[in-house]
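Residue 112 in our numbering sits at position 85 of the sequence shown, with consecutive numbering throughout.
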Amino acid sequence: MSELPPFRIGQGYDVHVFGEGDHVMLGGVRVPHERGVVAHSDGDVVLHALCDALLGALALGDIGVHFPPSDERWRGADSLGLLRHCVALAAERGWKLGNADITVVCERPRIGPHAPLMRERIAAACGVALDAVSVKATTSEKLGFTGRGEGIAAQAAVLIVRR
Ligand code: MG
28 MSELPPFRIG QGYDVHVFGE GDHVMLGGVR VPHERGVVAH SDGDVVLHAL CDALLGALAL
88 GDIGVHFPPS DERWRGADSL GLLRHCVALA AERGWKLGNA DITVVCERPR IGPHAPLMRE
148 RIAAACGVAL DAVSVKATTS EKLGFTGRGE GIAAQAAVLI VRR
């Protein structure tokens, strides 16, 4: 077996288009908004970016491979369930989340008031302390699709460590 460091990094990115609806799911939290998102699952860009970051750290492909839109099991899926599945894949291989840093990109809804609860839900799903999870937000200064309010994006970086 090759000598590898006892930690690995991963990064993830996700986008969903705004559509009909009155809320968006972000970090496992129902955030009121005048639009929803178009998605096969619950369209939670925060958790999808985080799942992709974990899968990336594990070199296990991406969220589309593990939860294909063609698979009816994932229709309307609670993305906290997808996250727990990714955490279990890591655990089976001897890894756990060290820390995660997530950035949401949108003009609206405002993320700040909901970030503490998102952190709590993510930390609970990952089985880590609250201070291992960061959720922050930025606008794109009215530029591009997020700036025009056409959709919402999130990126995530993770460190996984040996259990
Ligand atoms: Mg997604």
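Beta carbons: idealized from backbone N, C-alpha and C, even for Gly.
Just so you know, these numbers come straight off a predicted model, no measurement behind them.
Q. Taking the continuous alpha helix (DSSP H) assigned at residue 90, which residues delimit it?
A. Looking at the DSSP string, the run of the alpha helix (DSSP H) that includes residue 90 is 90 to 93.
Q: Identify whether residue 53 lies in helix, strand or coil by the three-state DSSP scheme.
A: Looking at residue 53 - three-state DSSP - the assignment turns out to be strand.
Q: Just confirm the distance between the C-beta atoms of residue 159 and residue 152, as a whole number of angstroms; I'd bet it's less than 8 angstroms.
A: Their Cβ separation, rounded to whole angstroms, is 12 angstroms, which puts residue 159 and residue 152 out of contact at 8 angstroms.
Q.
Closer than 8 angstroms is the cut-off here; do at least three beta carbon pairs connect the region 76 to 94 with the region 174 to 184?
A. The region 76 to 94, when compared against the region 174 to 184, does touch it at the 8 angstroms Cβ threshold.
Q. From 69, 50, 87, pick the residue whose C-alpha is nearest to that of residue 119; which is it?
A. Ranking the options by Cα distance to residue 119, first place goes to 87.
Q.
Just checking residue 39 against the ligand MG - is the residue's beta carbon closer than 7 angstroms to any of the ligand's heavy atoms?
A. Outside the cutoff, so no.
Q | Strand pairing of residue 183, partner residues [DSSP] | A | DSSP, once it has assigned bridges, lists 39, 129 as partnering residue 183.
Q. Who pairs with residue 122 in a beta bridge, going by DSSP?
A. According to DSSP, residue 122 bridges with 189.
Q. Secondary structure at residue 178, three-state DSSP: helix, strand or coil?
A. Reduced to three states, the DSSP call for residue 178 is strand.
Q: Tell whether a beta-carbon distance below 8 angstroms holds between residue 55 and residue 77.
A: Inclusion of residue 55 and residue 77 in the CB contact set at 8 angstroms is not warranted, their separation being larger than that value.
Q: Would you kindly check if the distance between the Cβ of residue 66 and the Cβ of residue 43 is under 8 angstroms?
A: Yes; because the gap between Cβ atoms is below 8 angstroms, this pair is in contact.
Q | Residue interval of the alpha helix (DSSP H) (run including residue 155) | A | It is not in any alpha helix (DSSP H) - residue 155 carries neither H nor E in the DSSP assignment.
Q: Whole angstroms is fine: what's the gap from residue 92's alpha carbon to residue 103's?
A: Their backbone Cα atoms lie some 17 angstroms apart in a straight line.
Q: Could you have a look at residue 173 and say whether DSSP puts it in helix, strand or coil?
A: Three-state DSSP puts residue 173 in a helix.
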